[in-house]
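Chemist: Sequential numbering of the sequence shown, starting at 0, is according to numbering that gives the first Met the number 0.
By construction, the Cβ of each residue, glycine as well, lies at the ideal position given by its N, Cα and C atoms.
No experiment lies behind these values; they were computed from the predicted model shown.
The structure's right below; bear with me while I get my questions together.
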Amino acid sequence: MAPNNLTSNRAVKMLNAAAQGNYGVLGVVSYNLETIVACIRAAEAKHSPLQILLFPWALKYSPLFVDFAAHAARSAKVPITVHMDHAQDPEIIKQASQILAVDGTPAFDSIMVDMSHYEKEENLRRTKELVALCHERGIATEAEPGRIEGGEDGVKDTAELEGMMTTAEEVDDFVATGIDFLAPAFGNVHGEYHGVENIRLDYDRLASIHKKAQGRVQIVLHGTNEFPADIMRRCIDRGVTRINVNKLVLSEYNDYVAQNTGKVPLTQLMEKGTDLIQQACERWMDNIGSSGKA
Ligand code: 13P
0 MAPNNLTSNR
10 AVKMLNAAAQ
20 GNYGVLGVVS
30 YNLETIVACI
40 RAAEAKHSPL
50 QILLFPWALK
60 YSPLFVDFAA
70 HAARSAKVPI
80 TVHMDHAQDP
90 EIIKQASQIL
100 AVDGTPAFDS
110 IMVDMSHYEK
120 EENLRRTKEL
130 VALCHERGIA
140 TEAEPGRIEG
150 GEDGVKDTAE
160 LEGMMTTAEE
170 VDDFVATGID
180 FLAPAFGNVH
190 GEYHGVENIR
200 LDYDRLASIH
210 KKAQGRVQIV
220 LHGTNEFPAD
230 IMRRCIDRGV
240 TRINVNKLVL
250 SEYNDYVAQN
260 TGKVPLTQLM
270 EKGTDLIQQA
280 CERWMDNIGS
290 SGKA
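This is the structure:
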């Protein structure tokens, strides 16, 4: 159970249920309308919960994109939430926390307060302040102790910073900031692994972080490009609840668009592209056990 008053927050409830049921929930990195439509269709078809992930880039691109995600999540027949991933700028976090959906509730159910580009003490201080701001509005929060290596399209460029593994000791410090979800660094990287053989995860570290968390925060997994289903299962068995996916559900779509842009009508590109993302999401929902859990 989260140590705050956010027990009615939809993202908190969703991940608490996943922890109890020993399954994962997809957090789908969403850059466009096709991805969001595919997420909704897949979740409804599989009766699965899901979290739509937007990067801070989305706010700069257009507030309409956030409105679209929030409306899509609320009108779905199954529980779907909207999460802001890797918000590294306090101004963006303030701005995101103030956006309301048409029903008057916060557009973002959860926000990742990612201060991992600061040294630990500064990270903790800033995280605590921003967590309080989000909690006042009923928004759940996530933080990254240590630093997950690599960078992401749509996130401020911090790719050159060195990764640092999360220690079990850091868990208490971060729980004390009030966060609801914790994204550990245990060998996972953002971006490319350049082959499954290069995925070297410290499972014992993940297990000890989960043990130390004692259910006070839920564990979320970043950096899953190229993960096969068995690695995902090992992570879920060691306490992971939300699983952030990017290329695992988008690579077939990306390839299709690259090969067919200008060759088929735009409507066909969008429809077929949406189908490809939906199919990939559905496969992963079956793999991580969220199918039938909505
Ligand atoms: P990557 O797998 O590309 O890092 O994206 C998923 C993620 O972790 C987003 O935070």
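Am I right that ILE242 and ILE287 are in contact with their C-beta atoms under 8 Å? What's the rounded C-beta distance?
Modeler: 6 Å
Chemist: Should VAL81 be listed as close to the ligand 13P, given that the test is whether its C-beta is under 6 Å from any heavy atom?
Modeler: no
Chemist: Nearer than 6 Å: is that true of the beta carbon of VAL195 relative to any heavy atom of the ligand 13P?
Modeler: The ligand 13P never approaches VAL195 closely enough for any of its heavy atoms to be under 6 Å from the residue's Cβ.
Chemist: Can THR240 be considered in contact with the ligand 13P, in the sense that its beta carbon sits closer than 6 Å to one or more heavy atoms?
Modeler: No, the Cβ of THR240 stays beyond 6 Å of every heavy atom of the ligand 13P.
Chemist: Where in the stretch 103-137 do unbroken runs of the alpha helix (DSSP H), each at least 4 residues long, occur, reported from the N-terminal end onward?
Modeler: Taking only runs of at least 4 residues, the alpha helix (DSSP H) segments lying wholly in the stretch 103-137 are 119-135.
Chemist: Is the beta carbon of ARG136 closer than 7 Å to that of SER96?
Modeler: yes
Chemist: May I ask which residues mark the beginning and end of the alpha helix (DSSP H) holding GLY238?
Modeler: Element bounds for GLY238: n/a, residue is neither H nor E.
Chemist: Within the same chain, show all residues whose beta-carbon is closer than 8 Å to that of ASP88, passing over the 5 residues directly before and after it, in chain order.
Modeler: PRO55 and LYS155
Chemist: Can at least three beta-carbon pairs, one atom from the stretch 258-274 and one from the stretch 30-44, be found at a separation below 8 Å?
Modeler: yes
Chemist: Apart from the five residues just before and just after GLN277, which ones in its own chain have a Cβ nearer than 7 Å to its Cβ?
Modeler: If the five residues before and after GLN277 are omitted, its C-beta is found closer than 7 Å to the C-beta atoms of ALA37, ARG40 and ALA41, all from its own chain and listed in chain order.
Chemist: Enumerate in chain order the residues of its own chain whose CB-to-CB distance from GLU121 is below 8 Å, with the five nearest sequence positions on each side excluded.
Modeler: These residues qualify, in order along the chain: MET114.
Chemist: Please list, in chain order, all residues of the same chain as ALA71 whose beta carbon is under 6 Å from its beta carbon, the five residues on each side excluded.
Modeler: ILE35 and ILE39
Chemist: Would you tell me roughly how many angstroms separate the C-alpha atoms of GLU143 and ASN245, rounded to the nearest one?
Modeler: 18 Å
Chemist: Considering only C-alpha positions, which residue in the set VAL65, ALA86 and ALA106 is nearest to SER29?
Modeler: VAL65
Chemist: Could you tell me whether any non-hydrogen atom of the ligand 13P is closer than 6 Å to the CB of VAL24?
Modeler: no
Chemist: Just the C-alpha distance for CYS280 and GLY177, rounded to the nearest angstrom, thanks.
Modeler: 31 Å
Chemist: For the 8 Å Cβ check, are there 3 or more pairs between the stretch 182-189 and the stretch 216-223?
Modeler: yes
Chemist: Considering only the alpha carbon of each residue, which of LEU129, ALA206 and HIS116 lies closest to ILE91?
Modeler: LEU129
Chemist: Quick one: residues with CB closer than 7 Å to any heavy atom of the ligand 13P, in chain order, please.
Modeler: Taking each Cβ in turn, the ones that pass are VAL28, LEU52, ASP84, HIS85, GLY149, GLU151, HIS189, GLY190, HIS221, GLY222, THR223, ASN224, ASN243, VAL244, ASN245 and LYS246.
Chemist: Please confirm whether any heavy atom of the ligand ADP lies closer than 6 Å to the CB of TYR30.
Modeler: For the ligand ADP, the structure offers nothing, since it holds only the ligand 13P.
Chemist: So, helix, strand or coil for GLN87, using DSSP?
Modeler: coil
Chemist: Any contact between the stretch 251-260 and the stretch 10-28? By contact I mean 3 or more CB pairs, one from each, below 8 Å.
Modeler: no
Chemist: Our contact map puts PHE173 next to GLN217 with C-beta atoms below 8 Å; I'd like the distance itself, whole angstroms only.
Modeler: That pair is no contact at about 13 Å.
Chemist: Name the DSSP bridge partner or partners of LEU52?
Modeler: VAL28 and HIS82
Chemist: Please report the distance separating the alpha-carbon of ILE98 from that of ALA106.
Modeler: 6 Å
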